[in-house]
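Let me begin by presenting the structure, written as structure tokens, before commenting on it.
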Amino acid sequence: GDLIAHIEVSLDQLTEVDQEIRVGDLNLGEKIEILSDPDELIVRVIPVEAEEVAEGVAPEAEAQVEVIKREKPEEAEEKE
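With my numbering applied, the sequence shown corresponds to residues 3 to 82, in that order.
Dropping the structure here:
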């Protein structure tokens with residue numbers, strides 16, 4: 003048969019939150035029969051949840067970790 007390798011769907015029409023594309027919205031031509039439910043959801047626009055940033059702390063500062071290295075007892079004795 004006529005199998006297709008991939009399907010391209012333009013998301014340009016999705017400009018507002020809660021807009022969606024469903025299986026029934028796809029136009030694959032007459033040779034392709036879709037067996038899925040036409041109401042099956044493919045993609046929906048959802049709002050992005052903003053991360054809360056601690057007041058006065060830059061995001062870069064949160065990611066930095068202070069590394070403290072202890073000397074081995076042998077190294078401490080050698081320095082004396």
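Just so it is clear, CB atoms sit at the ideal spot from N, CA and C, and this is done for glycine as well. Just so it is clear, the structure is predicted and the values come from calculations on it, not from any experiment.
- Taken in chain order, the whole beta strand (DSSP E) runs of length 3 or more contained in the stretch 28-57 are 43-46.
- Per the DSSP secondary-structure output, residue 23 pairs in a beta bridge with 45.
- In chain order, 40, 41, 42, 43 and 44 place their CB closer than 8 Å to the CB of residue 24, counting only its own chain and leaving out the 5 sequence neighbours on each side.
- One thing to note: residue 47 has its Cβ no nearer than 7 Å to the Cβ of residue 28.
- Cβ contact annotation for residue 22 (same chain, cutoff 8 Å, sequence separation greater than five): 16, 43, 44, 45, 46 and 47, in chain order.
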